[in-house]
Structures are given as structure tokens and as C-alpha cells.
């Protein structure tokens, strides 16, 4: 939870008047504007990594086929984690960085627990040894607990749980000789939170921080005796916003509305172990692409490829 708190704290410094997507206001270089632009860089840098941690890879852990219509279902509990990075805070919060400075980054992991569910509503139309056109309804739940980590505190503003929803359509249903192939769409969001943090003489007070994601996946699955293999490809869209107040010694910065949006391509693979009533699944993937501009440059850029992974257990009937 401390790593989650630090990652969210980085987002809170993205406060600028007349905020563009990159967050840096126009005008002559002053200490205030430099701090604003540096703060906006942190927001633009960290928001996509939080989005990846929420969206994850497969829409139901390790599942690349429809579940087979009513009354069939699948439920998975998992932890999504992103092997990301965060800017070094010192130069950014001191308001002394020069425009275009190349700043260092450090490794950081962002993780969220989630629950996925698939409920079959139509088993599809029989076509030889498989079926086509099956439909599942999808749901997810993302949890963010209340955190008090010394200089950083996080409090959910409207509940610690956020429900997502979507649909999966079967292109091929898995059978003894045919792999399952599906197309799915899912909207997952982060619960709205409030956060307070302080570092290097800069205090941050964020209200109504919201992160929404939407994603599509083309995925496939095949059972091989005790093992289950699956893979997928798709795209994520991330949108983050907050009302943020920032104060620094000798400076007054009004509350502003900050936002960032981007799209990234994702691909992943998973391996599951079939047990009697459940499956243990591990998943590894990578996101890339996007169009994120910043005031400074970074040793690891905001558009860098990011590895992510999930581990959990899935049960169903």
C-alpha cells in the first residue's frame, strides 16, 4: 500500500492554470511556472501507469473463450502489478529545474487487487465441433483501501470499491480440438479518492481524483491436459482528472482542474494450472505506444514500454 500511496502522491502535483493536456501553461519562465510545469510532468508521467494497473491484461484472468451460456460463469480474484518508474521528486518539487532538463527516474511498482466475473447469456450457434456468436456479460471490481503512510494519506471519496462492466463475444468456442477465440470490451475505473501529501516544502491537496479506463481485447485460449494457455492483444484508453491545490514556500497556486488522456497497445500471455474446482493463473504482458508530451525529458520516458503481470485464482462452472 505504501507504493500505491507514493504513486498516487506523484499525481497530485499536476496543478496548473489554463491546463493543456501536457499541463504546462504558456508564459515567461518564472519560479511559479517552472514548478507548475514540473508538477504537470509528474501527473502526465504517472497516470498511464496507474491506468495499466487498473486495466490489466485479460478481461477475465486467463480466459480466452466464452463460458457457454446460462447457467455457466467464471469468477477470478487477482492482483495486477505494473513494473514502472517514477521521476526523481527532488528536482521537480524544488522549482529549480531548467526547461528541457533530462531528469532521472527510479523503479516503481504500482498494484491493485481486482475481481473479475463472466456470466454466460447465450451459448452461441453450433458450427461443427465448435460454436460461434456466444455472449458473456463481464463485470469487475477494483479496490483501493484507506492509507495513512506518514506524509501521504489516501481516503476513498465515494467508497473503496469501483464496479466495471463489459461484454465478450465468442468467435470460436473452445472444444476438444478447437481453441477458444473471443472479442471483448470492458470499462474499469479506479474509485474516486482524496489525497494529501507533502515533500521538499511543497504541500499537495487533491480532491476528486478519478481514473477511468476502457479497453478491447482479442484473445484465445486452449486447455492442454492439466494446463491452460491463453494470449491476447488489444488497446487501452486512460483518462485521469483531479481538482488539485498546491502550496509552496513563498508561492500561492490556485486550485485547478488537471487532466490527461492517452491510448496504449497491449499484448499478454498466461499459463494456468487446472485443479478440481479452480485454476491458478499467472499472466505477463506489455503495454506500449501513446502520445504523452512533457516539459522536461526523462531517462525513462513516459511513453516507454511497461511490463505488467497478474496472478490469481479463477473458479467457475
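In this note's numbering, the protein residues as written are 1231 to 1547.
Note that beta-carbon positions come from the ideal geometry of N, C-alpha and C, so glycine has one too.
- In this structure residue 1450 does not touch residue 1421 by the C-beta definition: roughly 32 Å separates them, more than the 8 Å allowed.
- Scanning its chain for C-beta atoms nearer than 6 Å, with the 5 sequence neighbours on each side dropped, one finds around residue 1444 the residues 1417, 1467, in chain order.
- Beta-carbon to beta-carbon, residue 1540 and residue 1310 are separated by about 5 Å, close enough to satisfy the 8 Å threshold.
- Rounded to the nearest angstrom, the gap between the Cα atoms of residue 1290 and residue 1344 is 10 Å.
- In the DSSP assignment, residue 1346 falls within the beta strand (DSSP E) that extends over 1335-1352.
- Assigned with DSSP and collapsed to three states, residue 1388 falls in coil, not helix or strand.
- Taking a contact to require three or more Cβ pairs closer than 8 Å, the stretch 1286-1302 and the stretch 1351-1361 qualify as touching.
- Per DSSP, the continuous alpha helix (DSSP H) segment holding residue 1279 begins and ends at 1261-1285.
- Nearest neighbour of residue 1488 by Cα position, chosen from 1440, 1333, 1281, turns out to be 1440.
- Rounded to the nearest whole angstrom, the C-alpha separation of residue 1499 and residue 1357 is 27 Å.
- Burial is judged here by how many other beta carbons sit within 10 angstroms of a residue's own beta carbon; residue 1276 has at least 16 and is buried.
- Each residue's CA atom was taken as its position, placing residue 1405 and residue 1385 some 47 Å apart.
- Here residue 1296 is near residue 1366, since their CB atoms are less than 7 Å apart.
- In the three-state DSSP reduction, residue 1521 falls in the coil class, being neither helix nor strand.
- For the stretch 1405-1493, the full-length beta strand (DSSP E) segments reaching 3 residues or more read 1410-1429, 1432-1454, 1457-1478 along the chain.
- Sequence-distant partners of residue 1509 (beyond 5 residues in either direction) whose C-beta falls short of 8 Å from its own C-beta, in its chain, are 1292, 1458, 1502, 1503, 1543, 1544, 1545.
- Per the coordinates, the alpha-carbon of residue 1360 lies some 14 Å from the alpha-carbon of residue 1453.
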